[in-house]
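These protein sequences, in sequence, are chains A, B and C.
Quick note: the numbering used here has the first sequence finishing at residue 217, numbered continuously throughout.
Quick note: the numbering used here has the second sequence finishing at residue 180, numbered continuously throughout.
Quick note: the numbering used here has the third sequence finishing at residue 187, numbered continuously throughout.
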Amino acid sequence: MAIYSVYIINKAGGLIYQHDHNATRPEVEKTFSYPLELVLKVFDDKIVVAFGERDGIKVGHTVLSINGTPAEGRFLKGGRDILETIGMEENYPISIKFGRPKLTTNEKIMLASMFHSLFAIGCQLSPEPRSSGIELLETDMFKLHCHQTMTGIKFVVMTDPRQMAVDGLLKKLYEVYADFALKNPFYSLDMPIRCELFDENLKAAIEIAERVGSGST
Amino acid sequence: MSRQTARGGDPRKVNGELFTLTYGALVAQLMKDYENDEEVNKQLEKMGYNIGVRIIEDFLARANSTRCNDFRDVAEQISKVAFKMYLGVTPVVSNWSPAADEFSLLLENNPLTDFVELPEGHDALIYSNILCGVLKGALEMIQMDVDVKFVQDQLKGDNITEIRLKFIKRLEDAVPVGED
Amino acid sequence: MASMGKQKSSSLDKSLSKGKPEVNAATYALLFSEIVQYCQNRVYTVPELQNKLAEMGQHVGSHLLDVLFLREKGFKREIKLLSMLIFIKSNFWKTVFGKEAEKLEQANDDERTYFIIEKEPLVNKYISVPKDKGSLNCAAFTAGMLEAVLNGANFPAKVTVHWHKGTCFMIKFDESVIARDKMIDSR
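Listed below in structure tokens is the structure:
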């Protein structure tokens, strides 16, 4: 079982902590011969698969590297244009790695703030008069668990849908925050948490929760 | 004997003397650094406020308490749960105002003031003023604006130590959505 | 003196806990955190901050010694250097910090210097020192306490704090202490 990631959002909607724990993002590397039968396009300044799913390569995956050289947006490290490189026959056979791109810090901050708003919208749209907001968001692939404290801090945990005992983890994370962030004289309230002991204890709590909550298979 | 095993083994407890003396060292330092008692009182309240806005998270994370319905609930939680949990004493809640928006916490034993004698010429010093700041800061984080002050103090010859809390208003703007 | 007969090993620890209820570690940690922040706002450098913390620790230490002597009828004034150090490492540490210190060592090359090693001192439990603070160790406060206790017990010494196997308190005794100890030995 797995806990994928943790987000802590302050009462203004700012992301103050994020940790990717078991975020296994599938990556597929394959050697191709000319011409490439996949259709690629530029999307959001990345090279994305538009058509031609095969061998675990899915529509929406981005090009992560070519012949071991990592991609940086539409270019390879060093400056070569990815589409141009792939278009030239003399570059074949060519080995391309596909996968879901990692979220950048800015994207995470944006998502956290969007979730903060979504949470508020959820409260207001709810037919219940005093809704406590989104506590669980369920999909086939993952669950999002959220605990908002009385003071307005949100602890958000993304897990495998089969992961159990996440409530216990959310409570434990709150304790870790109360101890290793707030009792540290060098931490300022509402600011991003950069404390070694906080990291260590948060990771330990996640690992325990994974073991405890792995359930029966 | 059980007492001793508890001492060795409970990392969540700290020797009371060490605590009292550490607080004493802080007050002494402030009295050195500031010109008059009023400034020291203000500084103590400010530090208390900083502690309050943090200790409330510890309280909520650990005490399993639920949102209070009225100020009477708040008084109970402060005396029976919070004071007990953090200072090991349970003040008596008393002297309610008719509108139930004001009450007193009566302390027989103030854990901050053991072995303390106010030095001469510091009549205006409110030695334990940090407690007012803590209460104010903690309540503000759960969206209550409350006025907190000492009205009696055993250090000044009163029979009992009395802290007065007066509810001013609910901080509506600060209430997180989903918490009303 | 009357109580000397029974339970001499733990009388110190017992009568102190009877004297004063313990408080929550969270309360203490938050108070200490405020002290560190206050000191930090009044100094410019890490050594200055450590000095300031040590000063406040000394204030605590000197009063703590009074309390120990006042409360504890069976509290014996140690005369020998080694007995004093062992007392600090075990009884004193256990009473004040809830457990004995991990190690007591003497420096290889200096008879005046001793080390008390504590992996995680009480005051450091929740503190992560930021990178820009380099060698800062807030247990300078504890070092100040120790120094005042030793001075008050007539073992003048300088106590400093270092990062080594966790936190290491380096105790450097006055020449006079060593000389006195040798005299007692030769008697």
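All residues carry an ideal CB built from backbone N, CA and C; glycine is no exception.
The structure presented is a predicted model; accordingly, all values stated were derived computationally and were not measured.
Asked, Found
"Mind checking the segment 175-190 of chain A against chain C and listing, in chain order, the residues whose C-beta falls within less than 7 Å of any C-beta there?", "D179, F180, K183, N184, P185, F186"
"Is the Cβ-Cβ distance between L26 of chain B and L53 of chain C less than 9 Å?", "no"
"Would you please state the rounded distance, in angstroms, between the beta carbons of I82 of chain A and I47 of chain A? I believe it to be under 8 Å.", "5 Å"
"So within the segment 138-167 of chain A, which uninterrupted beta strand (DSSP E) runs reach at least 3 residues, ignoring any that extend past its ends?", "143-148, 154-159"
"Given a limit of 7 Å on CB to CB distance, which residues of the segment 102-135 of chain A reach chain B?", "F119, A120, C123, R130, S131, S132, G133"
"By Cβ distance, which residues of its chain are closer than 7 Å to F142 of chain A, with the 5 residues on each side in sequence left out?", "Y4, M158, T159, D160, P161"
"Could you check the C-alpha separation between S97 of chain B and G52 of chain B for me, to the nearest Å?", "25 Å"
"Could you tell me whether any Cβ in chain C is nearer than 9 Å to the Cβ of L173 of chain A?", "no"
"What residue range does the beta strand (DSSP E) around A157 of chain C cover?", "157-163"
"State the CB to CB distance for the pair D113 of chain A and G122 of chain A, rounded to an integer number of angstroms; the pair is presumed to be in contact (CB under 8 Å).", "It is Ser, not Asp, that sits at residue 113 of chain A in the sequence shown. Their Cβ separation, rounded to whole angstroms, is 15 Å, which puts S113 of chain A and G122 of chain A out of contact at 8 Å."
"Assign K119 of chain C to one of three DSSP states: helix, strand, or coil.", "coil"
"If the cut is a Cβ gap below 9 Å, which residues of chain B does S87 of chain C touch?", "Before going further, note that residue 87 of chain C is Phe rather than Ser in the sequence given. By Cβ distance, chain B contributes nothing, its closest Cβ being about 16 Å from F87 of chain C, past 9 Å."
"Going by the CB atoms, is the gap between K136 of chain B and Y49 of chain B shorter than 9 Å?", "yes"
"Are any of the Cβ atoms in chain A nearer than 9 Å to that of Q37 of chain C?", "yes"
"Is there a C-beta anywhere in chain A that falls below 9 Å from the one on S135 of chain C?", "no"
"Is there contact here, the segment 176-192 of chain A with the segment 20-32 of chain A, by at least three beta-carbon pairs under 8 Å?", "no"
"Within the 9 Å Cβ cut-off, does I51 of chain B reach chain C?", "yes"
"Using 10 angstroms around the beta-carbon of V148 of chain B, count the other beta-carbons present and answer buried if the total reaches 16, otherwise exposed.", "buried"
"Using C-beta distances below 6 Å, list every residue in its chain close to V36 of chain C, excluding the 5 sequence neighbours before and after it, in chain order.", "C138"
"Whose Cβ in chain B lies nearer than 9 Å to the Cβ of M56 of chain C?", "T22, A25, L26, A28, Q29"
"Per DSSP, what kind of secondary structure is D123 of chain B in: helix, strand or coil?", "coil"
"Between I16 of chain A and chain B, is any beta-carbon pair separated by less than 9 Å?", "no"
"Got a sec? Which residues, its chain only, sit under 7 Å from P244 of chain B by beta carbon, not counting five neighbours each side?", "The structure shown does not extend to residue 244 of chain B, since chain B is modelled only from 1 to 180, so the question has no answer here."
"Could you tell me whether the Cβ of T151 of chain A comes closer than 9 Å to any Cβ of chain B?", "yes"
"Comparing C-alpha positions only, which one of A:L36, A:A209, A:L170 sits nearest to Y92 of chain A?", "A:L36"
"So does the segment 164-177 of chain A actually touch the segment 199-217 of chain A, counting three or more Cβ pairs closer than 8 Å?", "yes"
"Would you list the one or two residues that DSSP bridges to C168 of chain C?", "C:I117, C:H162"
"Alpha carbon to alpha carbon, how far is L38 of chain A from Y174 of chain A?", "47 Å"
"Compare the C-beta of N15 of chain B with all C-beta atoms of chain C and state if any pair is closer than 9 Å.", "yes"
"Answer with buried or exposed for N41 of chain C, where buried requires no fewer than 16 other C-beta atoms within 10 angstroms of its C-beta.", "exposed"
"Does the distance from the C-beta atom of L176 of chain B to that of G14 of chain A stay below 9 Å?", "Just to set this straight, residue 176 of chain B is Pro in the shown sequence, not Leu. For P176 of chain B and G14 of chain A, no; Cβs fall outside 9 Å."
"Considering only C-alpha positions, which residue in the set C:D181, C:S186, C:N51, C:C39 is nearest to S111 of chain C?", "The sequence shown places Glu at residue 111 of chain C, not Ser. Of the candidates C:D181, C:S186, C:N51, C:C39, the one whose C-alpha sits nearest the C-alpha of E111 of chain C is C:D181."
"Does the pairing of the segment 157-171 of chain B with the segment 187-197 of chain A give three or more beta-carbon distances under 8 Å?", "no"
"Measuring only between beta-carbons, confirm whether L202 of chain A sits less than 9 Å from chain F.", "Note that chain F does not occur in the displayed structure, where the protein chains are A, B and C."
"Quickly, what does DSSP pair R54 of chain A with across the bridge? List them, please.", "A:I57"
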